[in-house]
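The opening position of the sequence shown corresponds to residue 1 in full-length UniProt numbering, with each subsequent residue numbered one higher.
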Amino acid sequence: MASVSEASHSKNNTGRDNKQVSDEASALLDTSMVAEIYNKIEKVVELKEELQNVHKQNEALEENVRYREQELSEIRTMMKDFGEKIMKQKKRVDLICDSVVEQVTEQRDKLKKEAVKILGDKQNIEQEVVEMNKKVSECRDN
């Protein structure tokens, strides 16, 4: 049996000793690991850029939300003010309507009284006409 040092330096079937093959394999493995690490670093950099983009988009969305909330607050304030103005106008209209109804009612009552007076006057005039016609008839008869 060959000793360990002899085995490590023995030649393989390509004419190179095992140590040389081991060193080359180690170098290839190191190169492969470096490439894998480099690829992973590139992936981390890409993910970091994507994360930064997501943060920027998130900030933009948050700003948009703040802007929309401000708009909504302004709209609510406008609606409240508008509602208050409508209620004031409604009160004014109600007062005007009440006043008009009162005036119309007073005018109607006056017109009714005047109509009753006119009807009374008409009846009195008709009565007087009847009496005058009787007197005229009596005068003609005499």
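All C-beta atoms in this analysis are idealised placements derived from N, C-alpha and C, irrespective of residue type, glycine included.
- Within the model, the alpha-carbon separation for E74 versus G83 is close to 14 Å.
- Per the coordinates, the alpha-carbon of K135 lies some 15 Å from the alpha-carbon of I125.
- Shown here, N142 sits in coil according to DSSP, grouped into three states, outside any helix or strand.
- Around E50, the same chain offers no residue with a beta carbon nearer than 7 Å, after the five sequence neighbours per side are excluded.
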